[in-house]
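Line by line, the protein sequences give chains P and W. No gaps in the numbering here: position 108 of the first sequence is 108 in my numbering, and each next residue is one more. No gaps in the numbering here: position 270 of the second sequence is 606 in my numbering, and each next residue is one more. Positions of the beta carbon are idealized from the N, C-alpha and C atoms, including for glycine.
Protein chains: 2
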Amino acid sequence: MQKYNVAVVGATGVVGQEMLKVLEERKFPVNKIIPLASSRSAGARVEFQGREIVVQELKAGSFQDVQLALFSAGSAVSEKFAPVAAQAGAVVIDNTAFYRMDPQVPLVVPEVNAGALKNRPKGIIANPNCSTAQMVVALKPIYAAAGIRRLVISTYQAVSGTGKEAIDELQQEVLDILQMKPVKPAVYPHQIAFNILPHIDDFLDSGYSKEEMKMVNETKKIFGDDSIRVTATTCRVPVFYCHSECVNIETREKITAAEVRALLAKAENVIVQDEPQKNIYPMPLLAAGRNETFVGRIREDISIDNGIELFIVSDNLRKGAAFNAVQIAEEVIKDF
Amino acid sequence: MQKYNVAVVGATGVVGQEMLKVLEERKFPVNKIIPLASSRSAGARVEFQGREIVVQELKAGSFQDVQLALFSAGSAVSEKFAPVAAQAGAVVIDNTAFYRMDPQVPLVVPEVNAGALKNRPKGIIANPNCSTAQMVVALKPIYAAAGIRRLVISTYQAVSGTGKEAIDELQQEVLDILQMKPVKPAVYPHQIAFNILPHIDDFLDSGYSKEEMKMVNETKKIFGDDSIRVTATTCRVPVFYCHSECVNIETREKITAAEVRALLAKAENVIVQDEPQKNIYPMPLLAAGRNETFVGRIREDISIDNGIELFIVSDNLRKGAAFNAVQIAEEVIKDF
Numbered sequence: 001m002q003k004y005n006v007a008v009v010g011a012t013g014v015v016g017q018e019m020l021k022v023l024e025e026r027k028f029p030v031n032k033i034i035p036l037a038s039s040r041s042a043g044a045r046v047e048f049q050g051r052e053i054v055v056q057e058l059k060a061g062s063f064q065d066v067q068l069a070l071f072s073a074g075s076a077v078s079e080k081f082a083p084v085a086a087q088a089g090a091v092v093i094d095n096t097a098f099y100r101m102d103p104q105v106p107l108v109v110p111e112v113n114a115g116a117l118k119n120r121p122k123g124i125i126a127n128p129n130c131s132t133a134q135m136v137v138a139l140k141p142i143y144a145a146a147g148i149r150r151l152v153i154s155t156y157q158a159v160s161g162t163g164k165e166a167i168d169e170l171q172q173e174v175l176d177i178l179q180m181k182p183v184k185p186a187v188y189p190h191q192i193a194f195n196i197l198p199h200i201d202d203f204l205d206s207g208y209s210k211e212e213m214k215m216v217n218e219t220k221k222i223f224g225d226d227s228i229r230v231t232a233t234t235c236r237v238p239v240f241y242c243h244s245e246c247v248n249i250e251t252r253e254k255i256t257a258a259e260v261r262a263l264l265a266k267a268e269n270v271i272v273q274d275e276p277q278k279n280i281y282p283m284p285l286l287a288a289g290r291n292e293t294f295v296g297r298i299r300e301d302i303s304i305d306n307g308i309e310l311f312i313v314s315d316n317l318r319k320g321a322a323f324n325a326v327q328i329a330e331e332v333i334k335d336f
Numbered sequence: 337m338q339k340y341n342v343a344v345v346g347a348t349g350v351v352g353q354e355m356l357k358v359l360e361e362r363k364f365p366v367n368k369i370i371p372l373a374s375s376r377s378a379g380a381r382v383e384f385q386g387r388e389i390v391v392q393e394l395k396a397g398s399f400q401d402v403q404l405a406l407f408s409a410g411s412a413v414s415e416k417f418a419p420v421a422a423q424a425g426a427v428v429i430d431n432t433a434f435y436r437m438d439p440q441v442p443l444v445v446p447e448v449n450a451g452a453l454k455n456r457p458k459g460i461i462a463n464p465n466c467s468t469a470q471m472v473v474a475l476k477p478i479y480a481a482a483g484i485r486r487l488v489i490s491t492y493q494a495v496s497g498t499g500k501e502a503i504d505e506l507q508q509e510v511l512d513i514l515q516m517k518p519v520k521p522a523v524y525p526h527q528i529a530f531n532i533l534p535h536i537d538d539f540l541d542s543g544y545s546k547e548e549m550k551m552v553n554e555t556k557k558i559f560g561d562d563s564i565r566v567t568a569t570t571c572r573v574p575v576f577y578c579h580s581e582c583v584n585i586e587t588r589e590k591i592t593a594a595e596v597r598a599l600l601a602k603a604e605n606v607i608v609q610d611e612p613q614k615n616i617y618p619m620p621l622l623a624a625g626r627n628e629t630f631v632g633r634i635r636e637d638i639s640i641d642n643g644i645e646l647f648i649v650s651d652n653l654r655k656g657a658a659f660n661a662v663q664i665a666e667e668v669i670k671d672f
């Protein structure tokens, strides 16, 4: 069996760590793993397949003999080094927002648009925004069966989406509050413990945040359908792992809740948890560390004719980042 | 100045305590305060105007010489004792769901429909569901200016809405988790710390919860307009105080975000916090203990022609319960 040299850029970050874990769990055919990071983190050690591997400093020459490069070290790093890696012959799978809306870069969630992978003139493939990735997996069967006219989305996003320092900040704030000490937010502009921030990424003059516009624009690109109308409000909640979403869908054709439940029950990487009267519904607690997307609270919207309400939960570090990236890598090597 | 004997039924609960606090803060003309509770809590002491007052057991004879009775001790207690209090001559202001949809009981948020108070054939006035009360305050000026066709709501509701034992449960779970001890949920069916539960009140066969249907039905009743279409998903979040809501509004006429901002800025008991680029938006942290409803993230919905997005936060124990009840009492005594 053919094996590949795989670089992980940002290997010490929460997503980078998760990428290593998922490559291992999925038994991805790795010949050599090359963990890369900035000079600040170079020299640190990461674990892969039971071995400790020294993280190397990311440089122009880092991608010699690398077939696959998974990037998750911020947009500035991807802007600079993704083309370098592609030039050196690696297929780049980039988890940042930098290339997502580039018409020459496919934006892929394999369950939805694996076909788009073939056409990658820059040698770069973009991994979508975490909230978008999990949502489109759940929407795909509905889109195929009934079409989608409009989405109204509200999110409940975990601090792990911001990174390791945000996980530490939530934990420290909780400790400080329980000990009656003053809270000193640094990662977020306000206390996140026991609070809700309707604020993810920067705000635009329209009043929408960049995170909200990612959901709007990436959804259209992944479905290849600009006619889908999308609005979103994205909120940070005091949860460590997994993003939750209320998604209100207006379909083109009528579809019943029972039909949606049946379609989702057989959808790839989707688990239906929908017996609310038995307290069975998706929750961050149950989705953490899982690759699947969990869907529940499936019901017909009583306010319009063709409406479906969903509650969708998935691990933002998995389907929203590392798992989707590794799925893309699995698709890519089929054609190597 | 005329003063009144005021009974508070459920005086030892979180809402009852808040009612005493708000009566005091608002300098409500109280002659005598009569805190009432079940036999279990009778004998406890509550504070009012700097004095400790012994809680009496709620009985049929409790309402002798009482002009106003504020109820917040559960639907079963209101079902049984609200008519008793009304019969004894008190005006009942009931915070439970029991009478809210009774056509002979006005359901009132004074900023919206104070006029409905006049017609109370049963001597009972209902205080709305917490999530609904704060929402309609923010919606009123928009309804008046542009009409409302449809609402799509997602909520982020604090544990204090469930009561004192839920506040204790969240705190205990956080402590247990930080100390690596097992979590033992009792009030909620699942852990609430660092988790999200898409579950408030019981579920109906339609898939909606009773809490969601309260938002649907009470909104129509308060506005006196059955043509408003409403859908909601209500979620419990690990926050102690204040409910947050994403509200997507489809208006009948076009209204701009600037117009909405201007209308809300002069609306009674509304505070606009809407400079997101300066990190100014509503949050539970800032709304706790306040009577006002905070509105921000005001923007035109890019997915439809006549759409407005709002993020609304208010203290569920205040506008959602005690403050609204005391406001109603203030209106009622104007006509005594």
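Scanning the segment 500 to 563 of chain W for uninterrupted alpha helix (DSSP H) segments of 4 residues or longer gives 500 to 514 and 546 to 559, listed from N- to C-terminal end. The beta carbon of Phe-647(W) falls within 7 Å of a beta carbon belonging to chain P, placing the residue at that interface.
The segment 127 to 166 of chain P contains, as complete alpha helix (DSSP H) runs of 4+ residues, the segments 130 to 146 (chain order).
CA-to-CA, the gap between Arg-572(W) and Val-91(P) works out to about 43 Å. With its beta carbon less than 7 Å from one in chain W, Arg-297(P) belongs to the interface. Residues of the segment 196 to 215 of chain P whose Cβ lies closer than 7 Å to any Cβ of chain W, in chain order: Ile-196, Leu-197, Pro-198, His-199, Phe-203, Ser-206, Gly-207 and Tyr-208. Neighbourhood of Val-472(W) in chain P, by CB distance below 7 Å: empty, with the nearest CB roughly 16 Å away. The alpha-carbon of Gly-307(P) is positioned some 39 Å away from that of Lys-21(P). Ranked by Cα distance from Ser-545(W), the first of Phe-530(W), Thr-567(W), Lys-454(W) and Ile-638(W) is Thr-567(W). Excluding its 5 nearest sequence neighbours in each direction, Asp-512(W) has C-beta neighbours in its own chain below 6 Å: Val-519, listed in chain order. Per DSSP, reduced to three states, the secondary structure at Ala-7(P) is strand. In the pairwise beta carbon analysis, the segment 607 to 620 of chain W is classified as touching the segment 577 to 584 of chain W: at least three pairs are separated by under 8 Å. When Phe-630(W), Ala-424(W), Phe-434(W) and Gln-663(W) are compared, the shortest CA-CA separation from Val-413(W) is found for Phe-434(W). Shown here for Ser-39(P): same chain residues with a beta carbon closer than 7 Å to its own, the five before and five after excluded, namely Glu-57 in chain order. Taking a cut-off of 8 Å on C-beta distances, the segment 210 to 224 of chain P does not touch the segment 254 to 268 of chain P, as fewer than three cross pairs fall below it. Between the beta-carbon of Glu-361(W) and that of Leu-653(W) there is about 13 Å, and that puts the pair past the 8 Å contact cut.
Taking 7 Å as the CB threshold, Arg-565(W) lines the interface with chain P.
By alpha-carbon distance to Pro-276(P), the top candidate from Gln-87(P), Asn-269(P), Arg-297(P) and Arg-290(P) is Arg-297(P). Residues of the same chain with a CB within less than 8 Å of the CB of Thr-12(P), apart from the 5 flanking positions on each side, are Pro-35, Ala-37, Ser-41, Ala-44, Val-46 and Val-55 in chain order. With respect to the 7 Å criterion, Pro-141(P) and Leu-264(P) are classified as neighbours on the basis of their beta carbons. The C-beta distance from Tyr-156(P) to Tyr-492(W) rounds to 7 Å, short enough to meet the 8 Å contact threshold. Annotation for Glu-667(W): Pro-446, Ala-450 and Leu-453 place their beta carbon closer than 7 Å to its own, counting only its chain and skipping 5 residues before and after. Under the 10 Å beta carbon count, Ala-126(P) is surrounded by 16 or more other beta carbons and is classified as buried. In the structure shown, Ser-38(P) falls within a coil segment according to DSSP collapsed to helix, strand and coil. Judged by DSSP in its simplified three-state form, Arg-318(P) adopts helix. Assigned with DSSP and collapsed to three states, Glu-79(P) falls in helix. Between Leu-443(W) and Ile-558(W), the gap from beta carbon to beta carbon is short of 7 Å.
For Phe-576(W), the three-state secondary structure derived from DSSP is coil. Pairing Ala-658(W) with Val-351(W) gives a Cβ-Cβ distance under 7 Å. Taking every protein chain shown into account, the CB of Glu-79(P) has fewer than 16 other CB atoms within 10 angstroms, so this residue is exposed. Per DSSP, the beta bridge partners of Val-313(P) are Ser-244(P) and Phe-294(P). DSSP links Phe-384(W) through a beta bridge to Arg-387(W). With its beta carbon less than 7 Å from one in chain P, Pro-612(W) belongs to the interface. Beta-carbon to beta-carbon, Asn-248(P) and Leu-139(P) are separated by about 12 Å, too far to satisfy the 8 Å threshold.
Nothing from the segment 80 to 114 of chain P brings a Cβ to less than 7 Å from some Cβ of chain W.
For Cys-130(P), the closest Cβ of chain W is not nearer than 7 Å.
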